[in-house]
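Using the numbering used here, the letters of the sequence shown correspond one by one to residues 479 to 593. We put the beta carbon where it would ideally sit given N, CA and C, even for glycine. Written below as structure tokens is the structure these notes are about.
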Amino acid sequence: LPTFETSSMVSKSRRKLRNKSVRQMLTLSHYEFKTFIKWKAWEQSKVVIDCNEAYTSKTVSWTGEIIKNLGGARTIKSLSTGLKMNRDLNGARGIFLRALVDTPWLREHLNLCIC
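Printed below as a string of structure tokens:
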């Protein structure tokens, strides 16, 4: 789950959102939703991983290079390999790979393999 800091998004000093959007955002209860999801996962003996989503759209998930001038492009193209991928699929893949590295099972097994 992403970290969603509503309070910093709605502070008047630097926001670019309209009052209506701010009011709608404040009525949503992201913290309660996150707590509920974690509780249900705990009941089922599952793990919920909090993952940082920073740069997931701009980072090419198969090479790790960062595309600085991506803008509103719907596809992302690696400068080194020339391969293209849908921007949303690339971002989802990047989040998956970050979450995969953060799983306790993988961390434990990576530590066992590193000598």
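query: Where does N564 sit, in a helix, a strand or coil, going by DSSP?; result: strand
query: Please state whether DSSP places K611 in a helix, a strand or coil.; result: Any property of residue 611 remains undetermined from this structure, which presents the chain solely from 479 to 593.
query: Report the three-state DSSP secondary structure of K555 (helix, strand or coil).; result: strand
query: Are there 16 or more other CB atoms within 10 angstroms of the CB of G572, so buried, or fewer, so exposed?; result: buried
query: Could you give the DSSP three-state label for I515: helix, strand or coil?; result: helix
query: Helix, strand or coil: how does DSSP classify I545 here?; result: coil
query: Which whole-angstrom value describes the C-beta separation of R565 and A551, a residue pair presumed to lie in contact below a C-beta threshold of 8 angstroms?; result: 7 angstroms
query: Work out the CA separation of I515 and W583 for me, nearest whole Å.; result: 20 angstroms
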